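What follows is one structure encoded as structure tokens, with my remarks underneath.
In this note's numbering, the protein residues as written are -2 to 277.
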């Protein structure tokens, strides 16, 4: 669906755009597949701020997202495409052959009443879910699981997709190229969905005014340079001077830009090419 720009009748409307998704269902979410989502305003269990700039926002119910695969061969029918306030992508309400219902991530160009499949013998069609070892080279995939017994963990945001690069000779691993440019080795028995994630226009939407950001649960961000010396390493000084440091710092004195923060060295062997190497 197209991104529609508002007429500049007010300063808040100028530059604002909305994503008109008329194909989405207007019905209430499936009650058995939703949970109460308690807000924590960025606080941890001690009541201290652990994530800054969070708080407020509209009330939400969490939609329980499931994996499509339930057995050797699984078939389901898409009953509705719905908006989910907890993620950038849209979700699809499906009904299995035995009558149970579930929510899954919707693929781009997925349609109501479409029959989707999951399993080793599923067809190579949009929205179907297969083991990575059964998907040919060059196909676009999303919602990639890292283990055969786990749900999807990678490439789940709106409009995202990865690409099958190659199948290793031993048949145990498949190399996939992620949206960041990283090439990663994943078990061939792990599942992924064919296609790309729905709502690709999400990144083109301009919020336009502070009120829409607050409605999403984000609080204002204050520059460190605008603070006092005791509040931030960048604070203090007269007028519009520089930060007076060799490199930008976080509020806690750590490196702010370019510092590698990855700690999971155990899985470094699965990274065939780092995303940083693609930028050289």
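Ideal placement from N, C-alpha and C gives every residue a C-beta, glycine not left out.
Fair warning: this is a prediction, and the values are worked out from it, not measured in the lab.
Continuous beta strand (DSSP E) stretch holding residue i: start and end
i: residue 182; result: 180 to 184
i: residue 90; result: 88 to 93
i: residue 174; result: 170 to 174
i: residue 159; result: 159 to 164
i: residue 75; result: 70 to 79
i: residue 244; result: Counting along the chain, residue 244 falls outside any beta strand (DSSP E), and DSSP gives it neither H nor E.
i: residue 31; result: 31 to 33
i: residue 114; result: 112 to 116
i: residue 0; result: 0 to 2
i: residue 151; result: 149 to 151
i: residue 137; result: 137 to 139
i: residue 102; result: 98 to 102
First through last residue of the alpha helix (DSSP H) which encompasses residue i
i: residue 207; result: 207 to 212
Chain-order list of residues whose beta-carbon lies under 6 Å from that of residue i (same chain, five-residue window excluded)
i: residue 82; result: 57
i: residue 66; result: 115, 126, 188
i: residue 2; result: 14
i: residue 52; result: 38, 216
Straight-line gap, residue i to residue j (C-alpha atoms, nearest Å)
i: residue 193; j: residue 212; result: 28 Å
i: residue 10; j: residue 145; result: 48 Å
i: residue 252; j: residue 244; result: 7 Å
i: residue 90; j: residue 239; result: 53 Å
i: residue 231; j: residue 222; result: 5 Å
i: residue 203; j: residue 55; result: 19 Å
i: residue 113; j: residue 44; result: 45 Å
i: residue 236; j: residue 219; result: 17 Å
i: residue 256; j: residue 247; result: 11 Å
i: residue 6; j: residue 206; result: 13 Å
i: residue 86; j: residue 23; result: 16 Å
i: residue 62; j: residue 176; result: 22 Å
i: residue 249; j: residue 228; result: 9 Å
i: residue 148; j: residue 159; result: 17 Å
i: residue 103; j: residue 266; result: 31 Å
i: residue 233; j: residue 260; result: 34 Å
Contacts around residue i, its chain only, beta-carbon distance under 7 Å, and the 5 residues preceding and following it disregarded
i: residue 41; result: 47
i: residue 60; result: 26, 30, 31, 81, 83, 88, 100
i: residue 110; result: 74, 75
i: residue 72; result: 94, 112, 114
i: residue 268; result: 179, 181
i: residue 210; result: 204
i: residue 106; result: 123
i: residue 21; result: 78, 79, 80, 87
Own chain, CB closer than 8 Å to residue i, minus 5 neighbours either side, in chain order
i: residue 150; result: 141, 142, 143
i: residue 129; result: 138, 141, 161, 171, 173, 183, 184, 185, 186, 187, 188, 189
i: residue 98; result: 27, 29, 30, 76, 90, 91, 92
i: residue 168; result: 130, 185
Task: Stretch pair the stretch 163 to 172 + the stretch 125 to 138: three plus CB contacts closer than 8 Å - done: yes
TODO: Could you say if the stretch 148 to 159 and the stretch 190 to 203 meet the contact criterion of at least three C-beta pairs nearer than 8 Å?
DONE: The stretch 148 to 159, when compared against the stretch 190 to 203, does touch it at the 8 Å Cβ threshold.
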